[in-house]
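Heads up, the numbering used here is the position in the sequence shown plus 1, with the first residue counted as 1.
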Amino acid sequence: TRIDLKNEQSDPIGIRIGVKQGDPMSPILFNLSVDPLLCKLEQEGSGYQHGLKTVTTMAFADDLVLLSGSW
């Protein structure tokens, strides 16, 4: 796994433990771990300004995009 930045990628990030895809607990654990982050970003108003609204994230199922005004 790597993190994509504007003009570069992070060093590889090793995944040591986790829940495999297809496990019935996978979506529940994913939502429990990601939801606090999404709520915090929404509260702080961090993100991309689009007209009068701020878009902080785009998320669907297990796909997630975090947005920044500095991109």
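Beta carbons: idealized from backbone N, C-alpha and C, even for Gly.
> Roughly how many whole angstroms lie between the Cα atoms of residue 45 and residue 68?
Replying inline: Translated into the one-based positions of the sequence shown, residue 45 becomes position 44. Translated into the one-based positions of the sequence shown, residue 68 becomes position 67. For residue 45 and residue 68, the distance between alpha carbons rounds to 13 Å.
>> Cutting at 8 Å between CB atoms, please list the residues of its own chain near residue 10, excluding the five before and the five after it.
In response: On the sequence shown, residue 10 is found 9 positions in, with the first residue counted as 1. Residues of the same chain with a CB within less than 8 Å of the CB of residue 10, apart from the 5 flanking positions on each side, are 3 and 4 in chain order.
>> Could you tell me the alpha carbon to alpha carbon distance between residue 32 and residue 41, rounded to whole angstroms?
In response: The residue you call residue 32 lines up with position 31 of the sequence shown. The residue you call residue 41 lines up with position 40 of the sequence shown. The alpha-carbon atoms of residue 32 and residue 41 are separated by roughly 14 Å.
>> Which same chain residues end up closer than 7 Å to residue 63 when comparing Cβ atoms and leaving out the 5 residues on each side of it in sequence?
In response: In the sequence shown, the residue the question calls residue 63 occupies position 62. The residues are 31.
> For residue 7, does the three-state DSSP call read helix, strand or coil?
Replying inline: As a first step, residue 7 is located in the sequence shown; it is residue number 6 there, counting from the start. DSSP places residue 7 in coil when its eight states are reduced to three.
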